[in-house]
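J.: Structure below; questions to follow.
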Amino acid sequence: MTYSPAELMACVAARELRDGEVVFVGIGLPNLACNLARATHAPGLVLIYESGAVGAVPERLPVSIGDPSLVTGSLMVCGMADVFQSFLQNGRIEVGFLGGAQIDRWGNINTTVVGTYDRPTVRLPGSGGAAEIAVHARRTLVVSRLSRRGFPEAVDFITSPGHRMRGRPRRELGMPGAGPVKVVTDKAILEPDESGELVLSALYPGVEPDDVRAGVGWRLRSRDNLAAVAPPSERDRHLLRDGLDPQRLFLKA
Amino acid sequence: MTYSPAELMACVAARELRDGEVVFVGIGLPNLACNLARATHAPGLVLIYESGAVGAVPERLPVSIGDPSLVTGSLMVCGMADVFQSFLQNGRIEVGFLGGAQIDRWGNINTTVVGTYDRPTVRLPGSGGAAEIAVHARRTLVVSRLSRRGFPEAVDFITSPGHRMRGRPRRELGMPGAGPVKVVTDKAILEPDESGELVLSALYPGVEPDDVRAGVGWRLRSRDNLAAVAPPSERDRHLLRDGLDPQRLFLKA
Amino acid sequence: MSKVTSMTSAIASHVRDGDTLVIEGFTHLICFAAGHEIIRQRKRDLTLCRLTPDLIYDQMIAAGCAKKLVFSWAGNPGAGSLHAFRRAVEQDGGGPLELEEYSHFGMVGRLSAGAARLPFWTMRNYMGTDLPAVNPLIRSVICPYTGEALATVPALNPDVTIVHAQRADADGNTQIWGLLGVQKEAAFASRRVIVVVEELVDQSVIRADPNRTIIPGMIVDAVVVEPWGAHPSFAQGYYDRDNAFYVGWEAISRDPAALERYLDEFVHGVGDRAGYVRKCGGLERLRASSRVCAGVNYGY
Amino acid sequence: MSKVTSMTSAIASHVRDGDTLVIEGFTHLICFAAGHEIIRQRKRDLTLCRLTPDLIYDQMIAAGCAKKLVFSWAGNPGAGSLHAFRRAVEQDGGGPLELEEYSHFGMVGRLSAGAARLPFWTMRNYMGTDLPAVNPLIRSVICPYTGEALATVPALNPDVTIVHAQRADADGNTQIWGLLGVQKEAAFASRRVIVVVEELVDQSVIRADPNRTIIPGMIVDAVVVEPWGAHPSFAQGYYDRDNAFYVGWEAISRDPAALERYLDEFVHGVGDRAGYVRKCGGLERLRASSRVCAGVNYGY
Numbered sequence: 250m251t252y253s254p255a256e257l258m259a260c261v262a263a264r265e266l267r268d269g270e271v272v273f274v275g276i277g278l279p280n281l282a283c284n285l286a287r288a289t290h291a292p293g294l295v296l297i298y299e300s301g302a303v304g305a306v307p308e309r310l311p312v313s314i315g316d317p318s319l320v321t322g323s324l325m326v327c328g329m330a331d332v333f334q335s336f337l338q339n340g341r342i343e344v345g346f347l348g349g350a351q352i353d354r355w356g357n358i359n360t361t362v363v364g365t366y367d368r369p370t371v372r373l374p375g376s377g378g379a380a381e382i383a384v385h386a387r388r389t390l391v392v393s394r395l396s397r398r399g400f401p402e403a404v405d406f407i408t409s410p411g412h413r414m415r416g417r418p419r420r421e422l423g424m425p426g427a428g429p430v431k432v433v434t435d436k437a438i439l440e441p442d443e444s445g446e447l448v449l450s451a452l453y454p455g456v457e458p459d460d461v462r463a464g465v466g467w468r469l470r471s472r473d474n475l476a477a478v479a480p481p482s483e484r485d486r487h488l489l490r491d492g493l494d495p496q497r498l499f500l501k502a
Numbered sequence: 250m251t252y253s254p255a256e257l258m259a260c261v262a263a264r265e266l267r268d269g270e271v272v273f274v275g276i277g278l279p280n281l282a283c284n285l286a287r288a289t290h291a292p293g294l295v296l297i298y299e300s301g302a303v304g305a306v307p308e309r310l311p312v313s314i315g316d317p318s319l320v321t322g323s324l325m326v327c328g329m330a331d332v333f334q335s336f337l338q339n340g341r342i343e344v345g346f347l348g349g350a351q352i353d354r355w356g357n358i359n360t361t362v363v364g365t366y367d368r369p370t371v372r373l374p375g376s377g378g379a380a381e382i383a384v385h386a387r388r389t390l391v392v393s394r395l396s397r398r399g400f401p402e403a404v405d406f407i408t409s410p411g412h413r414m415r416g417r418p419r420r421e422l423g424m425p426g427a428g429p430v431k432v433v434t435d436k437a438i439l440e441p442d443e444s445g446e447l448v449l450s451a452l453y454p455g456v457e458p459d460d461v462r463a464g465v466g467w468r469l470r471s472r473d474n475l476a477a478v479a480p481p482s483e484r485d486r487h488l489l490r491d492g493l494d495p496q497r498l499f500l501k502a
Numbered sequence: 122m123s124k125v126t127s128m129t130s131a132i133a134s135h136v137r138d139g140d141t142l143v144i145e146g147f148t149h150l151i152c153f154a155a156g157h158e159i160i161r162q163r164k165r166d167l168t169l170c171r172l173t174p175d176l177i178y179d180q181m182i183a184a185g186c187a188k189k190l191v192f193s194w195a196g197n198p199g200a201g202s203l204h205a206f207r208r209a210v211e212q213d214g215g216g217p218l219e220l221e222e223y224s225h226f227g228m229v230g231r232l233s234a235g236a237a238r239l240p241f242w243t244m245r246n247y248m249g250t251d252l253p254a255v256n257p258l259i260r261s262v263i264c265p266y267t268g269e270a271l272a273t274v275p276a277l278n279p280d281v282t283i284v285h286a287q288r289a290d291a292d293g294n295t296q297i298w299g300l301l302g303v304q305k306e307a308a309f310a311s312r313r314v315i316v317v318v319e320e321l322v323d324q325s326v327i328r329a330d331p332n333r334t335i336i337p338g339m340i341v342d343a344v345v346v347e348p349w350g351a352h353p354s355f356a357q358g359y360y361d362r363d364n365a366f367y368v369g370w371e372a373i374s375r376d377p378a379a380l381e382r383y384l385d386e387f388v389h390g391v392g393d394r395a396g397y398v399r400k401c402g403g404l405e406r407l408r409a410s411s412r413v414c415a416g417v418n419y420g421y
Numbered sequence: 122m123s124k125v126t127s128m129t130s131a132i133a134s135h136v137r138d139g140d141t142l143v144i145e146g147f148t149h150l151i152c153f154a155a156g157h158e159i160i161r162q163r164k165r166d167l168t169l170c171r172l173t174p175d176l177i178y179d180q181m182i183a184a185g186c187a188k189k190l191v192f193s194w195a196g197n198p199g200a201g202s203l204h205a206f207r208r209a210v211e212q213d214g215g216g217p218l219e220l221e222e223y224s225h226f227g228m229v230g231r232l233s234a235g236a237a238r239l240p241f242w243t244m245r246n247y248m249g250t251d252l253p254a255v256n257p258l259i260r261s262v263i264c265p266y267t268g269e270a271l272a273t274v275p276a277l278n279p280d281v282t283i284v285h286a287q288r289a290d291a292d293g294n295t296q297i298w299g300l301l302g303v304q305k306e307a308a309f310a311s312r313r314v315i316v317v318v319e320e321l322v323d324q325s326v327i328r329a330d331p332n333r334t335i336i337p338g339m340i341v342d343a344v345v346v347e348p349w350g351a352h353p354s355f356a357q358g359y360y361d362r363d364n365a366f367y368v369g370w371e372a373i374s375r376d377p378a379a380l381e382r383y384l385d386e387f388v389h390g391v392g393d394r395a396g397y398v399r400k401c402g403g404l405e406r407l408r409a410s411s412r413v414c415a416g417v418n419y420g421y
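In structure tokens, the structure reads:
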């Protein structure tokens with residue numbers, strides 16, 4: 250039985266979540282990954298959305314981070330000042346999900362502009378809560394499809410800091426969180442090495458290292474012993490297709 | 250028909266309140282004054298207690314600023330961070346009531362210590378919200394009985410600043426509020442002159458200027474034309490005795 | 122006395138050309154009704170502030186109301202781009218729209234400072250990002266206890282804030298449940314406040330549950346009763362989010378002519394919100410199901 | 122898994138000699154039950170922090186639990202003095218009790234900074250007062266926008282915070298209505314949190330009205346179910362304030378021997394809260410009347 254790259258991406262991200270963790274959730278694959286984890290190995294996962302819903306248990310697939318289904322039946326609804334100060338800056342968020350138009354060699358993410366800030370060729374939405382999630386979440390997971398344009402040597406604009414910004418390591422800049430520990434792509438998993446540079450760490454079934462390098466804009470280095478990522482289980486595929494995203498809003502490709 | 254000094258003090262304070270004003274209320278005579286005003290000329294008075302009850306309509310005489318009767322039927326209950334930041338520091342409080350063990354020539358109030366701070370002869374409760382009310386309320390009303398010990402030339406400790414602190418005028422110190430505009434005592438009303446010094450401005454029925462001077466610790470000056478304070482009306486006395494404080498908890502003396 | 126008035130008069134008397142305007146509501150309770158009336162009254166040179174400009178500011182930008190945008194995330198949630206905004210900003214676009222950009226936390230801090238009437242707000246943020254490089258208003262302060270540097274943002278004190286809510290009384294005592302966003306902070310930070318509600322209720326309803334009151338009447342200038350006023354966004358307990366409209370906006374806003382037609386038909390072409398709802402063919406399909414919670418005891 | 126435990130074990134495992142302790146609740150929901158258990162377990166050298174020490178800290182000071190008091194108003198609301206506190210501070214008193222004194226706003230700011238994990242909080246305050254002269258921790262910062270000086274207070278991050286509430290589920294998701302004081306800030310600022318409730322409820326009760334949740338279970342370490350646990354203070358919707366007890370405390374606390382007898386009888390003399398309630402001859406006379414509000418719709 251086949252599966253789409255998106256389905257495997259959701260499964261791989263879900264496997265990164267431990268039961269009982271507090272996760273700052275985004276819409277799309279991160280939301281599917283969290284709800285898949287809740288339905289399988291992490292029933293005690295606490296989902297927080299930047300809109301202020303804590304312990305959300307959406308009865309339908311939320312199409313926005315402020316979907317009313319995130320409120321109904323949640324454990325707590327608080328204002329956004331509490332979300333960013335009492336939860337995020339307070340250090341209560343264990344995992345934050347990030348994604349973006351550009352991710353560079355050091356895990357920096359750009360969701361602001363392609364080109365120059367003043368006269369951009371493409372104006373992207375901007376930070377939202379991403380800048381502070383990148384600073385404060387104990388660790389972040391980046392979910393994004395590989396492409397040379399999407400994984401440049403250096404991003405045009407650092408919206409969310411990774412492991413090394415303009416040569417300076419994040420510890421030196423006093424960031425509480427550990428930064429991006431894994432980049433979950435459609436072909437493989439990238440992880441930072443001790444210097445903070447993203448390297449190839451695990452391959453999806455049927456993928457060769459060169460397939461991955463073709464989608465990265467810098468000379469991607471590999472770990473000596475590459476891990477092999479297991480395909481989605483029968484149960485995971487069933488949960489994703491028939492339960493979490495029956496209309497395949499986010500699982501298409 | 251007779252009346253107690255406390256009853257007249259409550260009436261005099263009530264007369265200072267205009268309909269629709271937002272008042273930061275204390276327990277005792279200030280609370281009686283506010284509820285008397287609400288029952289007579291100022292039905293639209295908005296009572297705020299530092300405990301977080303806004304638009305309180307107590308069905309019984311509250312014995313503490315956190316009485317449950319202040320919550321039931323109020324317009325809003327908010328946390329104390331909102332009370333001090335969103336209401337008081339925001340400049341929404343038009344009148345604040347203050348009182349204290351010592352009030353000096355410049356309207357400074359001491360509710361902290363008699364004697365030195367480190368080895369006080371009498372340790373008083375401290376500021377509570379008084380320090381910030383004195384700074385931020387658009388104007389304050391001070392309610393206190395005259396006595397030489399209670400009205401010294403200079404307070405032992407400035408808990409709530411008046412018009413001149415250690416020689417410096419409040420404007421120079423950048424305080425948003427106008428400070429104490431009237432001191433309502435059991436014999437007369439004192440008001441600041443242009444320099445900020447408290448002077449005798451109005452006498453209660455049957456009181457001579459010397460009776461007032463006998464209860465003040467500095468050479469009290471008088472306005473040229475002293476006003477005469479009207480006694481409580483029949484209706485006011487009735488409201489106070491039979492309605493607001495039937496057990497005469499605060500109206501005794 | 123009652124502060125209840127029509128949307129037309131509320132906008133006419135409280136929103137002026139050149140104002141700094143906040144229409145808040147984070148995905149929930151976004152007051153499209155007020156935005157449309159501002160477009161109809163052809164207000165100009167507004168500085169529009171919102172965490173998420175959303176479709177409403179995309180429409181107001183297209184209609185020529187905006188001089189400047191102060192924001193933190195300018196996308197069409199889960200559905201694509203705000204193309205009027207992009208055309209005003211991108212290289213080959215028409216422009217010019219002035220931008221002042223923060224992150225969500227930064228915007229929340231700006232309104233928190235405004236509500237507390239402090240000149241700035243402090244946060245541990247922005248290290249390593251390029252945002253301070255393009256926004257000189259993101260600065261820093263030294264902690265008088267630890268000596269460390271922390272980021273600051275300046276207070277935002279709008280001329281007018283418009284907040285949509287489930288219910289209020291005639292004095293403007295306003296109750297909101299579900300997502301609260303930064304409505305409370307925006308209202309307290311503002312010089313003038315317009316509250317738009319799904320339901321006008323007797324004050325006894327407000328007083329029966331005072332912990333639900335988010336905005337006190339004392340800071341409210343006008344109360345407008347406008348059922349369905351937040352469509353296509355939602356009002357918890359009243360109606361659902363119209364996701365099809367958000368998805369459909371991608372095609373409309375991508376084509377300036379289509380956007381122009383939309384404004385002609387659904388904004389200028391209708392006199393008021395009731396007309397808009399009729400034009401939409403009614404919105405009953407979005408009516409909320411009933412999930413009423415139990416009350417609590419305020420006795421003593 | 123459930124965090125429900127007994128008061129005895131909650132205090133034994135979470136309150137340690139030398140801890141900085143906060144038992145919050147502004148006149149409402151003051152957890153006397155926890156204070157009494159701390160006295161019974163003879164905890165020592167505690168730094169006690171509260172806006173209003175109230176009778177509970179007067180009792181803990183008399184019992185020898187306190188090394189230091191951090192506060193903003195130390196009186197017996199509407200009834201007189203806290204004499205154990207005064208004896209420990211006044212010239213002819215026994216002392217020594219270390220003091221760190223603020224105003225209410227200052228204490229609120231300290232806990233707000235603690236909850237946000239910022240090292241300080243900014244406010245426009247203290248000009249002209251003598252408080253900064255006796256408390257060197259009240260400092261100032263220069264605004265990076267206006268250049269003006271503003272007052273600061275340092276963050277307060279207690280080792281343990283104990284919050285009394287109307288209800289919580291077994292995970293510690295806690296709901297409070299009526300006066301909220303600074304319970305939320307104190308809990309988020311604290312390293313460990315004990316929630317004491319009048320009622321343990323099923324999680325479905327919490328989830329039915331999520332806007333009432335003030336403290337999320339993720340920051341709670343222990344949940345103790347202790348009906349009448351706030352007496353002589355009150356719990357809105359459960360029981361009234363016992364004003365007679367507050368008035369009576371004046372005479373008890375004025376006389377060290379009487380205070381000693383009180384502690385022997387009502388604290389050491391009873392094993393737990395149930396014993397205290399029996400010792401009081403039951404507290405039904407304080408049972409709240411019914412003033413239940415209507416629910417709201419969370420549907421969509």
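Residue numbers (this note's numbering), protein chains in the order written: chain A, 250 to 502; chain B, 250 to 502; chain C, 122 to 421; chain D, 122 to 421. We put the CB at the ideal spot given by N, CA and C, even for glycine.
Looking at chain C, which residues of the stretch 315 to 343 of chain B have a Cβ within less than 7 Å of any of its Cβ atoms?
T.: Pro317, Ser318, Val320, Thr321, Gly322, Ser323, Leu324, Met325, Val326, Gln334, Ser335, Gln338, Asn339, Gly340, Arg341
J.: Leaving out five residues on either side along the sequence, give the residues of the same chain with a beta carbon under 6 Å from the beta carbon of Arg288/D.
T.: The residue labelled residue 288/D in the question sits at position 167 within the fourth sequence. Gln296, Val318, Glu320, Val322.
J.: Determine the DSSP secondary structure at Asn280/B, reduced to helix, strand or coil.
T.: Your numbering for residue 280/B matches position 31 in the second sequence. In this structure, DSSP gives Asn280/B a helical state, which the three-state scheme calls helix.
J.: So with Cβ pairs under 8 Å, would you call Tyr366/A a contact of chain C?
T.: In the first sequence, counting from the first residue as 1, residue 366/A sits at position 117. Yes, Tyr366/A lies at the interface with chain C (some Cβ there is under 8 Å from its Cβ).
J.: Quick one, are the C-beta atoms of Met266/D and Pro240/C less than 8 Å apart?
T.: Start at 1 with the first residue of the fourth sequence, and residue 266/D comes out as number 145. Start at 1 with the first residue of the third sequence, and residue 240/C comes out as number 119. The identity of residue 266/D in the sequence shown is Tyr, whereas the question assumes Met. Against a cut-off of 8 Å, the Cβ pair of Pro240/C and Tyr266/D comes out as a contact.
J.: When you compare the CB positions of Glu223/B and Val271/B, do they come within less than 8 Å of one another, or not?
T.: Nothing can be reported for residue 223/B, as the shown portion of chain B is limited to 250 through 502.
J.: Exposed or buried, Ser123/C, counting other C-beta atoms within 10 Å across all chains shown (16 or more means buried)?
T.: Locating residue 123/C in the third sequence gives position 2, where the first residue counts as 1. Classification of Ser123/C: exposed, given that the 10 Å Cβ count is below 16.
J.: By Cβ distance below 6 Å, which residues in the same chain neighbour Val314/C in space, the five residues on each side in sequence not counted?
T.: For the purposes of this step, residue 314/C is identified with residue 193 of the third sequence, where counting begins at 1. Once the five neighbours on either side are set aside, the close Cβ partners of Val314/C are Thr282, Ala308, Ile340, Val341, Asp342.
J.: Do the CB positions of Pro418/B and Thr250/D come within less than 8 Å of each other?
T.: Taking the second sequence and counting its residues from 1, the one referred to as residue 418/B is at position 169. Taking the fourth sequence and counting its residues from 1, the one referred to as residue 250/D is at position 129. When the beta-carbon positions are compared, Pro418/B and Thr250/D stay at least 8 Å from each other.
J.: If you draw a straight line from the alpha carbon of Leu319/A to that of Ala305/A, how long is it in whole angstroms?
T.: Here residue 319/A corresponds to residue number 70 of the first sequence, with the count starting at 1. Here residue 305/A corresponds to residue number 56 of the first sequence, with the count starting at 1. The straight-line gap from Cα to Cα measures roughly 5 Å.
J.: Please confirm whether Val271/B has its beta-carbon closer than 8 Å to some beta-carbon of chain C.
T.: For the purposes of this step, residue 271/B is taken as the residue at position 22 of the second sequence. Yes, Val271/B lies at the interface with chain C (some Cβ there is under 8 Å from its Cβ).
J.: Does the stretch 428 to 436 of chain B touch the stretch 385 to 402 of chain B, meaning 3 or more C-beta pairs lie closer than 8 Å?
T.: yes
J.: Cα separation between Ser411/D and Ala415/C?
T.: Translated into the one-based positions of the fourth sequence, residue 411/D becomes position 290. Translated into the one-based positions of the third sequence, residue 415/C becomes position 294. Approximately 14 Å between the Cα atoms of the pair.
J.: In three-state DSSP terms, what is Ile335/C?
T.: For the purposes of this step, residue 335/C is taken as residue 214 along the third sequence, with counting starting at 1. Of the three classes helix, strand and coil, the one that applies to Ile335/C here is strand, per DSSP.
J.: Measure the C-alpha to C-alpha separation of Gly275/A and Ser193/C and round it to an integer number of angstroms.
T.: In the first sequence, the residue the question calls residue 275/A occupies position 26. In the third sequence, the residue the question calls residue 193/C occupies position 72. Between Gly275/A and Ser193/C, the C-alpha separation is close to 16 Å.
J.: So, Met329/B versus Gly375/B, is the Cβ gap smaller than 8 Å?
T.: Along the second sequence, read from residue 1 onward, the residue named residue 329/B stands at position 80. Along the second sequence, read from residue 1 onward, the residue named residue 375/B stands at position 126. No, the pair does not count as a contact, with Cβ atoms beyond the cut-off.
J.: Are the stretch 437 to 457 of chain A and the stretch 472 to 479 of chain A touching, with three or more C-beta to C-beta distances below 8 Å?
T.: Cβ pair count under 8 Å is three or more, so yes.
J.: Among all the DSSP beta bridges, which residues are the ones paired with Met181/D?
T.: Along the fourth sequence, one-based indexing puts residue 181/D at 60. According to DSSP, Met181/D bridges with nothing at all.
J.: Find the residues of chain C that neighbour Val295/B, judging by a C-beta separation of less than 9 Å, and give them in chain order.
T.: In the second sequence, the residue the question calls residue 295/B occupies position 46. Going along chain C in sequence order, the residues near Val295/B (Cβ under 9 Å) are Pro337, Gly338, Met339.
J.: Could you give the distance in angstroms between the alpha-carbon of Val136/C and the alpha-carbon of Pro458/B?
T.: In the third sequence, the residue the question calls residue 136/C occupies position 15. In the second sequence, the residue the question calls residue 458/B occupies position 209. Each residue's alpha carbon lies about 55 Å from the other.
J.: Can you tell me whether Ile438/A is helix, strand or coil according to DSSP?
T.: Translated into positions along the first sequence, residue 438/A becomes position 189. In this structure, Ile438/A counts as strand in the three-state DSSP scheme.
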